[in-house]
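Chains as they are written, first to last, in my numbering: chain W, 1 to 113; chain U, 114 to 225. Every residue gets a Cβ at the ideal spot worked out from N, C-alpha and C, and that includes glycine. Source: prediction; values computed, not measured. Here the structure comes first, spelled out in structure tokens, and everything after it is commentary.
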């Protein structure tokens with residue numbers, strides 16, 4: 001059963017804490033993406049990776065970090081520098097050159113305690 | 114990337130066709146039209162895309178005007194499960210810097 005798995009579904013962060021959101025895909029896709037969605041808004045790109053061991057900043061990378069050590073995994077860390085982290089986070093992947101056809105996970109909803 | 118304009122919302126009756134419009138008057142010759150939808154609290158789902166010819170798949174049909182300045186996504190027999198936000202995106206195909214820009218989309222409400 002191929003797809004993208006995001007975990008956890010809900011996450012709570014304390015002030016000053018770093019938290020890591022997991023994203024795993026078994027679609028053998030080269031490219032992976034992280035988006036942030038605020039209530040009633042569209043998606044904004046945080047980071048993307050075209051290939052293993054390479055990633056690029058998106059539009060709102062400040063306060064976030066990523067790694068891409070394996071093709072199937074693209075974890076996102078929300079650092080304490082991100083002052084407004086409460087949002088719905090979505091991970092996506094796409095197959096090589098057809099990068100506008102992206103497949104999304106179910107999302108992680110992050111809240112601040 | 115060409116900018117798209119969608120009305121904020123529309124509704125239709127269950128079983129009827131839902132026609133969702135999108136304006137993209139500044140579209141370039143090599144830009145495709147993509148449609149995604151997002152059901153509440155889920156990740157977006159790819160629906161269909163096209164360049165200039167009309168396209169149809171198991172989910173929907175895409176009608177692009179001859180001048181390519183606007184398009185319509187058609188859900189032929191809308192069901193309650195089609196209630197979602199629908200995003201129209203214009204983008205060149207592929208490329209090393211493929212960044213989809215999701216605006217606010219159009220909220221489709223299917224009523225019983």
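Applying the 10 Å Cβ sphere with the 16-neighbour rule, what's the burial state of residue 142/U? exposed
Rounded to a whole number of angstroms, what is the C-alpha to C-alpha distance between residue 38/W and residue 102/W? 20 Å
Do residue 216/U and residue 92/W have their CB atoms nearer than 9 Å? The answer is no: Cβ separation not under 9 Å.
Candidates 122/U, 153/U and 133/U, of which the one nearest residue 183/U by Cα: Out of 122/U, 153/U and 133/U, 133/U has the C-alpha closest to the C-alpha of residue 183/U.
Just to confirm my understanding: we take residue 48/W, look at its own chain, exclude 5 residues before and 5 after, and list those with CB closer than 8 Å. What are they? 31, 32, 33, 34, 55, 56 and 58
Looking at the structure shown, is residue 133/U part of a helix, part of a strand, or coil, going by DSSP? strand
Closest by CA to residue 64/W, which one among 76/W, 53/W, 71/W and 72/W? 76/W
Quick test of the definition: if touching needs 3 or more C-beta pairs under 8 Å, does the region 189 to 203 of chain U touch the region 115 to 125 of chain U? yes
In DSSP terms, what residue 168/U is bridged to: Per DSSP, 175/U.
Assuming contact is defined by CB atoms lying nearer than 9 Å, are residue 213/U and residue 43/W in contact in what I supplied? yes
At a CB-CB cut-off below 8 Å, which residues of chain U make contact with residue 55/W? Neighbours of residue 55/W on chain U: none; closest Cβ ~13 Å, over 8 Å.
Using a C-beta cutoff of 9 Å, does residue 214/U count as contacting chain W? yes
Does residue 36/W come out as helix, strand or coil in the three-state DSSP assignment? strand
Determine the direct distance from the alpha carbon of residue 161/U to that of residue 22/W, and round the result to whole angstroms. 28 Å
Using a Cβ cut-off of 9 Å (strictly closer), state whether residue 46/W contacts chain U. no
Only counting runs of 3 or more residues, tell me where the beta strand (DSSP E) segments fall wholly within the region 9 to 90 of chain W, in order along the chain. Runs of the beta strand (DSSP E) inside the region 9 to 90 of chain W: 10 to 13, 19 to 25, 31 to 37, 43 to 51, 54 to 57, 64 to 66 and 76 to 78.
From this set, 8/W, 29/W, 60/W and 85/W, which residue's C-alpha is nearest residue 17/W's C-alpha? Minimum Cα distance to residue 17/W is reached at 85/W.
Beta-carbon of residue 13/W versus every beta-carbon of chain U: anything under 9 Å? Under the 9 Å criterion on CB atoms, residue 13/W is classed as non-interfacial with respect to chain U.
So that I know if they touch, is there some Cβ in chain U lying closer than 9 Å to that of residue 106/W? yes
When 90/W, 60/W and 71/W are compared against residue 81/W, the one with the closest alpha-carbon: 60/W
Below 8 Å on the Cβ atoms is my guess for residue 186/U versus residue 173/U; work out the distance and round it to an integer in Å. 6 Å
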